[in-house]
Every structure is written in structure tokens, then in C-alpha cells.
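**Student:** For the sequence shown, the residue numbers in my numbering are 356 to 491.
Where is the CB? At the ideal position from N, CA and C, for every residue including glycine.
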Amino acid sequence: MSSITPPENPESDPRVKAVFDDIRATRGNDFINNVWRYLAFDPQLLEEVWTDVRDVMAKPTAIDFKTKEMIYAAVSIANSCDYCVHSHTAAAKARGMTDAEHAELLRIVSTAARTNHLLNGIRPPLDLVFDVSGES
Numbered sequence: 356m357s358s359i360t361p362p363e364n365p366e367s368d369p370r371v372k373a374v375f376d377d378i379r380a381t382r383g384n385d386f387i388n389n390v391w392r393y394l395a396f397d398p399q400l401l402e403e404v405w406t407d408v409r410d411v412m413a414k415p416t417a418i419d420f421k422t423k424e425m426i427y428a429a430v431s432i433a434n435s436c437d438y439c440v441h442s443h444t445a446a447a448k449a450r451g452m453t454d455a456e457h458a459e460l461l462r463i464v465s466t467a468a469r470t471n472h473l474l475n476g477i478r479p480p481l482d483l484v485f486d487v488s489g490e491s
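So this is what it looks like as C-alpha cells:
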């Protein structure tokens, strides 16, 4: 159940319409998913979040689009965001993620979670070779 009520006619607000139009143009289709419809309750928040997501996820960078979606799915699993797990897994599959890659992604996430929990429990000191800060 949502904690807010999305606007009934979100595109009546010109700021929201501008974001929705940019989403459509960026994605090359007319679908506006619920995350954007619900964030439209606050046009400034909608603009800020869409700008960040667009600039990181929809623009070419050093990391290819499929890998970006897989990373987003992995972080979403770790953060228990069911909506994002489903949407970014679907996006990764649309970008070519195979069932074998999906299974490997889940193995990596579950292995990292296990070792993270163990290391948080025992708190070993950081090995100096892993200290990328330059401080010794």
C-alpha cells in the first residue's frame, strides 16, 4: 500500500508534463510507470529523481546499459526494494541478460550478503593493500 496518493491528472502540472515527456523521449515509448506517477505528487522531487536516474541509467557511460541494470537490480535486492528488483531485472533482461547471467547475479548478491554479514559480525581490520584512500 502506498504512503501517498498520486495526482489524478499529473500532466495538468506543466513541470510534471515536461518530465513525463522527457521520460517518453528518453525511453522511446509512451509508458510512464508507477514510480514516476507516484513521485508526481511533488513536481520538484520528480524532476530531481528523474534527472539523476536519466543521467546515470539512460546516458552512455563507461559501463554498458545491461550491466547498469544488473547493478541496479543487485543494489535493489540488497535494499529490499521489491519494485526496483522487478523493474530493473526486467530492464536487464530487455537489454540481453540471460537466465545464466541472472542466476550468477543472484549468486553474487547472496554471497556478498553472507560475507558482509559475517564481516560485520567479526569486524576484522582492513588489510593495508585494500586501503585505496592512500592513508596508511
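Counting only the same chain and skipping the five closest in sequence on each side, list residues whose C-beta sits under 6 angstroms from that of methionine 412.
**Tutor:** Here the set comprises Lys423.
**Student:** Locate the alpha helix (DSSP H) running through glycine 476, then write down its first and last residues.
**Tutor:** Its alpha helix (DSSP H) spans residues 454 to 477.
**Student:** Please name the residue in Thr453, Pro369 and Ile426 whose C-alpha comes closest to that of valine 440.
**Tutor:** When only C-alpha atoms are compared, the closest one is Ile426.
**Student:** I need the straight-line Cα distance from alanine 468 to aspartate 376, nearest angstrom please.
**Tutor:** Rounded to whole angstroms, alanine 468 to aspartate 376 spans 38 angstroms at the Cα level.
**Student:** Can you give the Cα-Cα distance for leucine 474 and aspartate 482, rounded to whole angstroms?
**Tutor:** So the alpha carbons of these two residues sit roughly 13 angstroms apart.
**Student:** Taking the C-alpha atoms as reference points, what is the distance between alanine 458 and isoleucine 477?
**Tutor:** Roughly 29 angstroms between the two C-alpha positions.
**Student:** What ranges does the alpha helix (DSSP H) occupy inside the region 411 to 444, keeping only unbroken runs of at least 4 residues that lie completely in it?
**Tutor:** You should have 420 to 433.
**Student:** Taking three-plus beta-carbon pairs below 8 angstroms as touching, is the region 367 to 385 in contact with the region 415 to 422?
**Tutor:** Verdict: no, contact absent.
**Student:** When DSSP labels each residue in this structure, what does phenylalanine 485 get in the three-state scheme?
**Tutor:** The answer is helix: DSSP assigns phenylalanine 485 an H, G or I state.
**Student:** If you drop the 5 nearest sequence neighbours on each side, which residues of the same chain put their C-beta closer than 6 angstroms to that of arginine 450?
**Tutor:** These residues qualify, in order along the chain: Phe420, Lys421 and Glu424.
**Student:** Count the other CB atoms, across all protein chains shown, that sit within 10 Å of the CB of alanine 395; report buried if there are 16 or more and exposed otherwise.
**Tutor:** When all chains shown are included, alanine 395 counts as buried.
**Student:** Give the range of the alpha helix (DSSP H) segment to which asparagine 389 is assigned.
**Tutor:** Note, asparagine 389: alpha helix (DSSP H), 389 to 394.
**Student:** Quick one: what's got a C-beta closer than 7 angstroms to isoleucine 432's C-beta in the same chain, skipping five residues either side?
**Tutor:** Here the set comprises Val440 and Val464.
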